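**Q** Residues 1 to 492, numbered by our numbering, are exactly what the sequence shown covers, in order. We put the beta carbon where it would ideally sit given N, CA and C, even for glycine. Quick caveat: nothing in here was measured; it's all calculated off a predicted structure.
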Amino acid sequence: METRQETKRPTTGRIATRNFIRQPKLLLEMLPNPDPILKARNKDIDIYRDIAAESQVSGNIRRRESAVKALEWGIDGNGAPKRVVSLIESFFTEEMDMDAFISDALESTTFGYKPIEVIWGRKGRFWTPASIIGKPPEWFRYDNENRLRFMSKSHPTQGEILPPRKFLTPRQKPSYDNPYGIADMSLVYWPVVFKKGGISFWLDYAERFGGTNLIGKVPPGASQEKRDALLSEMEQMLVSSIAVIEDDKSIEHLESGGKGGTSEVFESLSMFLRAEINFAQLGQNQSSEASSTNASAQAGLKVATDIRDANKRIVAATANTLIQWICHYNFLDAGLPRFRMWEQEEVDKAQAERDRLLHGCGARFTNQYFERAYGFQPGDLEEPENGNADNGREDKTAATDARFAEDDARGADDQRALDEAISESTQSGIGRRVEDMIQPALSAISGAKDYDEAWERLIAAYPDMNDGTLREALETAMFAAQSWGYANGVER
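#1: Do Ile-116 and Ile-102 come within 8 angstroms of each other at the CB atom, strictly closer than that value?
#2: Please name the residue in Ala-40, Asn-60, Ile-45, Met-30 whose C-alpha comes closest to that of Asn-285.
#3: For Phe-140, name the three-state secondary structure that DSSP assigns.
#4: Decide yes or no for the touch test of the stretch 93-113 against the stretch 173-191: beta carbon pairs closer than 8 angstroms, at least 3 of them.
#5: I need the DSSP call for Pro-191, collapsed to helix, strand or coil.
#6: Just grab the DSSP bridge partners of Met-185 for me.
#7: Since Gln-344 and Glu-72 are thought to touch, with beta carbons under 8 angstroms apart, how far apart are those beta carbons, to the nearest angstrom?
#8: Here's the rule: buried if 16 or more other CB atoms are within 10 angstroms of the residue's CB, otherwise exposed. What is Gly-79?
#9: Taking all protein chains shown into account, do 16 or more other C-beta atoms lie within 10 angstroms of the C-beta of Arg-122, making it buried, or fewer, making it exposed?
#10: Look up Ser-154 in the DSSP assignment and say whether it is helix, strand or coil.
#11: Using the three-state DSSP reduction, which class does Phe-365 fall into: helix, strand or coil?
#12: Could you tell me whether the stretch 92-99 touches the stretch 160-178, where touching means 3 or more Cβ pairs closer than 8 angstroms?
#13: DSSP on Tyr-462, reduced to helix/strand/coil?
#14: For the candidate residues Asn-311, Tyr-142, Asp-143, whose alpha-carbon lies nearest to that of Ala-105?
#15: Could you spell out where the beta strand (DSSP E) holding Asp-76 opens and where it closes?
#16: Report the rounded CA-to-CA distance for Gln-158 versus Lys-82, giving the unit in angstroms.
#17: Does Ala-53 come out as helix, strand or coil in the three-state DSSP assignment?
#18: Tell me the rounded alpha-carbon separation between Gln-172 and Glu-475.
#19: In whole angstroms, what is the alpha-carbon distance linking Arg-308 and Pro-34?
#20: Does DSSP put Arg-9 in a helix, a strand or coil?
#21: Can you check whether the CB of Ile-37 is closer than 8 angstroms to the CB of Ser-186?
#22: What residues match up with Glu-252 in a beta bridge as DSSP calls it?
#23: For the putative contact between Phe-370 and Leu-381, defined by C-beta atoms under 8 angstroms, what is the C-beta separation to the nearest angstrom?
#24: Using a Cβ-Cβ cut-off of 7 angstroms (strictly less than) and excluding sequence neighbours within five positions of Ile-323, which residues of its own chain qualify?
#25: Leu-458 to Ala-448, Cα distance in whole Å?
#26: Quick check on Thr-128: does DSSP put it in helix, strand or coil?
#27: Tell me whether the beta-carbon of Pro-174 lies closer than 8 angstroms to the beta-carbon of Ile-277.
#28: Which of the three DSSP states is assigned to Arg-165 in this structure?
#29: Indicate whether Leu-273 and Phe-194 have their beta-carbon atoms separated by less than 8 angstroms.
#30: The alpha helix (DSSP H) that contains Ile-102, what's its start and end?
Below you can see the structure in the form of structure tokens.
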């Protein structure tokens, strides 16, 4: 039986490591790439460069890169001090080659991993990357401890341990078993090889059977020399389409027939291999084939969006690692800003719907807010007369929303007070009334030890509400408070 002292402390350290399993000792402690294609062919990762250069594969790579590059990006303060956010924003907007950075980071999906060297330089009193250069992944290996090593000329077999905060290494689905990540080229290797071989055989087949066949005729009893001479003339005729023969000889054209079915076999093979490549790289085949319907193409685009978002996360994670390194060299114990990527149309639609609902509750926004939130330029919006954003006109949208926002007689006094707080007609009223509603909740849970105790205190603070009504009221109040603070530039 375990004693109390034994159960209070967790087991620290690692037990299952490569050094303690029964297997032949890894050569010079270097971990080979477990990619099944590379292992089977005993090749290095550079064989994938020929695969990546194939026309369809290269087009799919550019398509995926373009989808990520089309996204909006920016720096989220994330509670970091202004001086930290200012430095990061200045570097990313003024010094960073974002197109090259995204291309380098996404090359990790092609080969599984992509080392990117950071050349540090001094700019004023700050250390920032003077340049960021992607390096060929075949120059690097992982060791038995999953540490990246540079296979230099002076250390060609064991490699050199890299200094900290020097190489960014974006990877696609790395694991303890496979720190090299999963290479997309491994998934399309055999389809591309078979496609190239099939097309070559297809061309040879078309050359043999796609044109007309020539038949030469000689008189009976003709010598072998005359037969060979006619054969040579026919070979020349295939090249020049011109021949001069003796009167007792003849050449006839025989049209090839019955070969359509055989030709369709090669075409079907080629289309199958094209589909396999698209499935591996794009997750679908509908949006890239002429025979697909609009519905299937739209479904395919949804899958492509999921792959784009996965690639976006690789870029964002790499950029956030770089931000962490910059802050490490320049600031002590400072919060870290975050690099974000998003599709502007989706954000604008969600934010516009939120602002419409908030306007129906009585909030009024300034032109400065619309410029900041939606990207309008100064002068794009007409200044409201007498400070009234509605210019004295009836707000039909607000009237419609007000009808839907009426009290549905669930009836508690606290709920009606919350509705009145949200429907205040001035910005200051909204902020004051919502804060008055939230403050008792904050006071109730401030000293709670766990979730259950906090919920019991909330129920005691609002005795006239049941669990469902209380939860809905608190969510609405927090939403209104956050929206009011965002609209007025308030950070709490």
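**A** Walking through what the data contain:
#1: Going by C-beta atoms, Ile-102 is not nearer than 8 angstroms to Ile-116.
#2: Comparing alpha-carbon positions, the option among Ala-40, Asn-60, Ile-45, Met-30 lying closest to Asn-285 turns out to be Asn-60.
#3: In the structure shown, Phe-140 sits in a strand (DSSP, three-state: E or B).
#4: Touching, yes, given that three or more Cβ pairs across the two stretches are closer than 8 angstroms.
#5: For Pro-191, the three-state secondary structure derived from DSSP is helix.
#6: According to DSSP, Met-185 bridges with nothing at all.
#7: At roughly 5 angstroms, the Cβ-Cβ gap stays under 8 angstroms, so Gln-344 and Glu-72 are in contact.
#8: Classified as exposed, Gly-79 has fewer than 16 neighbouring CB atoms from the shown chains inside 10 Å of its CB.
#9: Burial call: exposed.
#10: Coil.
#11: In the three-state scheme derived from DSSP, where H, G and I count as helix and E and B as strand, Phe-365 is classed as coil.
#12: Flag = no, the stretch 92-99 and the stretch 160-178 do not touch.
#13: In the structure shown, Tyr-462 sits in coil (DSSP, three-state: anything other than H, G, I, E or B).
#14: Residue Asn-311 is the option with its Cα nearest to Ala-105.
#15: Boundaries of the beta strand (DSSP E) around Asp-76: 72-76.
#16: Each residue's Cα considered, the two are about 45 angstroms apart.
#17: In the three-state reduction of the DSSP assignment, Ala-53 falls in the coil class, being assigned neither a helical nor a strand state.
#18: Taking the straight line joining both Cα atoms gives about 38 angstroms.
#19: For Arg-308 and Pro-34, the gap between their C-alpha atoms comes out near 26 angstroms.
#20: Coil at Arg-9, not helix or strand.
#21: It is a contact, given that the beta carbons lie within the stated cut-off.
#22: In DSSP, Glu-252 forms a bridge with Ile-215.
#23: The Cβ separation is near 6 angstroms, so the contact holds.
#24: Answer for Ile-323: Ile-88, Leu-336, Pro-337, Phe-339, listed in chain order.
#25: Taking the straight line joining both Cα atoms gives about 10 angstroms.
#26: Under the three-state reduction of DSSP, Thr-128 is assigned to strand.
#27: Going by C-beta atoms, Pro-174 is not nearer than 8 angstroms to Ile-277.
#28: Coil.
#29: Yes, these two residues count as a Cβ contact at 8 angstroms.
#30: 98-111 is the span of the alpha helix (DSSP H), which, as asked, contains Ile-102.
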